[in-house]
Structures are given as structure tokens and as C-alpha cells.
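Here the working numbering runs 114 ahead of the position in the sequence shown, where the first position is 1.
Ideal Cβ placement from N, Cα and C applies to all residues, glycine included.
Please read all numbers here as calculations on a predicted model, not as lab measurements.
Below: one structure, written as C-alpha cells.
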Amino acid sequence: MIKNLLQISRDVASSFELVQGAGGNTSVKCDDGRMWIKASGSLLSDLNEEKGFTVLDYGKIVEHFCGGFVFKANDHDLEDETNAFIHTLANGMSKPSMETSMHAFLGKYVVHTHAIYLNVLLCSKGGEDRTRNVFARKFDGLHWVDYVNPGYNLGIAIADLNLNVRDLNVIFLANHGLIVSGDSLGAVLGLSKEINDIAASDLNLRIEMDDLETVEEDLYFSRNKLFFQFDDAWLKKNLSRSIFPDFVVYCLGKIAFCDSLEELKGSCDKLIFCVKGEGVYYRANRRKAQAMHELLFTQLFVISSVEAFGEVNFLDKNDENYITNMTMEKYRRSRV
């Protein structure tokens, strides 16, 4: 099963258009009741035969949620208790993905992506109607989940769909991304890519990402042309809010606006510096700088693309605060 998990993980990780930073997760279930799933804080590209994954009994997760579990939305204590229980099932292996509960209720192969073109639809007001219109020709029926915070909240939302896990299931998550699951590895992978391509074609979109330049140790720079399409007021407005959870985790509250690079030499505690007329600097190790870079420009791209046809649906500030203070999100942030 590890070969199958590596195959789908590496395939998805090879495309920035499907996952950015440490986003997305994958899993494979065995006939013996075990589930192989990406470990929390790992990049999909990190997975190999020895690290980056966890194995656990997913049936016990289903039993836990379907037994005496009393659901309370957005409760940090319940979140921590649920994650601690799931971690005990890993028998000393790495912490499982915070989305493990969601995977437990899905099919043999599960791919969860943050498909960038699809997210233009999912992060817009009225996104459900437009998404259904775009994909009506492809699916007889599709599953839509209004925004819920990641972790056990999303796990309950997926459980409530009451899906036939042997079907090829496609689930659109508002302000988050895409889930495809089923019994065929090839079908799950192919559909994950095809759906994003359909959205790109319908919206006539394509993003161009640049490679970070090394300025010095733990300081990187981008001149991505997308940055220069907007004035300071637009940037400040749209980088002070979030449209998806990972932007909250890695970027929100960490951005400063500067007139020159000299301001980097001060005692500022920010990690991302938007320098007028120059570009964006990232003060972090290479791995974290790359993650912040991908997420920042995904946010800029998605927001500007939505504005071309409609209105952006930002996350509620209460949800931003909840995500910021989630124990597992703090752990993920520390691992990148």
C-alpha cells in the first residue's frame, strides 16, 4: 500500500496548481482495516518508504464518531481530544493528518487538493450555483459542503453526507478545495486533475509562478508580475483577510508593507515584506519561504480572478481566529 500512497502523493505534489505549501492530503485503505495516510506537517513531496506517512485502524475512527461522540462546532478542547485519540491509533508513528477523520469516511483511495482554478469558484459568493453549472455536464450529481473549519469539523461534515464509499465520489468544499475518492487509483487521480482543468477552461485562467531568488541565508525574494498588477490599497485590503485556511496558518498577520528593503533590518516580527516597486521578500528558511510564497500568490490570484466575474467570499473573522489557535495548525506551521 505504501507504493500506492507514494504514487498518488507524488503525482499530486508535482503540480502547484493542485497543492500549495504543505496543503492537501492523501490516503489508501487496505482490506485488513488499516489506512495509510499522509502525516501532519509533511509535504506530499516529502513522502517516501520511511517517512511522511502514518498507518492506523480507520474503523475505530468511524466507531468513535458514530458512537457516543457529542459534536460541538469549533471547540478547541474537543479538537485536541479527537486528535489525541486518533494519534493513539498510530501506535507511535508520526501524527496523522488533521483531516484523518474525513478520510476514514471515504473510499479506498482519497485525494484532497487545494485546486487553484477550482478554488476561484469555491471562494466566490454564489459559488455553489456556479460550480454546479460548470460541472453539470460532467456529473449527474455532485456533493457540496458549505465552509466548515478543518479537522474534526470537516470530518463530521463528510460523515453527514452518508456516501457509498464504493462509488467515485466528488466533493467540493467551499473556501477550501476538492476531495475525490473511490476504488480506482487511476480514476481518483485523473478526476482530481480534470476537475481543475475544467475550471481553468471555463474561467479562461492560467497562473504563472516564479522561482524564489536567494538574497542571503533565510531571506528570499520574488518579482512575480502578479504583485505589480495591484496598488497598495488593494494589496493591503486583500492580504489582511483570508479566503482559505492555509493562508491563515502561514501568512495572515505575518505581512508588512515597506517602502524599502532597509526596513527589514529593524526589529519587525513579520515574515513577509511587500516592498513597493520591488516585489516580495520572505524572511524564513527556504522551505517555509516557498510555502508562504505559494500561498500568498494563490490568494492574490484567486481574489483577482473572482473579482473579474463576482464577489469574493472571505472567511469569517471568527473562523480565522479559530484556525490560528488550533493546536494541530500550530504543529503544522512548526513543521514547515
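Under the DSSP assignment, C180 falls in the alpha helix (DSSP H) whose first and last residues are 172–180. Every alpha helix (DSSP H) stretch that sits fully inside the region 265–341 and reaches 4 residues is listed by chain position as 266–273, 299–317. In the three-state reduction of the DSSP assignment, H226 falls in the strand class, which pools E and B. Secondary structure note for M442: its alpha helix (DSSP H) is the uninterrupted segment 441–449. Taking a cut-off of 8 Å for Cβ pairs, the region 262–270 and the region 192–206 touch, as three or more such pairs fall below it. Within the model, the alpha-carbon separation for A347 versus E308 is close to 36 Å. Under DSSP, the beta-bridge partners assigned to I151 are S141, T168.
Per DSSP, the beta bridge partners of C372 are V389.
For G269, same chain residues with a beta-carbon under 6 Å away, outside a window of 5 residues either side, are S215, M216 in chain order. For H257, DSSP records a beta bridge to I285. When secondary structure is reduced to three states using DSSP, S418 falls in the helix class. When the beta-carbon positions are compared, F361 and A273 stay at least 9 Å from each other. Between K209 and G138, the CB-CB gap reaches or exceeds 9 Å.
In this chain, the alpha helix (DSSP H) harbouring L119 covers 116–127. C365 is positioned such that its CB atom lies no closer than 9 Å to that of N289. Rounded to whole angstroms, the Cβ separation of D345 and R337 is 17 Å, and the two are not in contact under 8 Å.
For V262, the three-state secondary structure derived from DSSP is coil. Sequence-distant Cβ neighbours of D433 in its own chain, meaning closer than 7 Å and more than five residues away, are N263. CA-to-CA, the gap between L119 and E377 works out to about 45 Å. In the assembly as shown, S374 is an exposed residue. Its beta-carbon has fewer than 16 other beta-carbons within 10 Å. As the crow flies, the alpha-carbon of G166 is around 16 Å from that of V133. For V329 and I369, the gap between their C-alpha atoms comes out near 18 Å. DSSP places E242 in the uninterrupted alpha helix (DSSP H) bounded by 241–249. Annotation for P359: the continuous alpha helix (DSSP H) segment containing it runs 359–364. In this structure, the straight-line span from the alpha carbon of K222 to that of F387 is close to 43 Å.
Within its own chain, the residues whose Cβ lies closer than 8 Å to the Cβ of K239, once the five positions on either side in sequence are excluded, are G424, E425, V426, N427, listed in chain order. In this chain, the alpha helix (DSSP H) harbouring L349 covers 346–352. Straight through space, the alpha carbons of M212 and K444 are spaced by roughly 11 Å. Residue burial annotation: V184 is exposed, with fewer than 16 other C-beta atoms found within 10 angstroms of its C-beta. A distance of 9 Å or more separates the beta carbons of E242 and F179.
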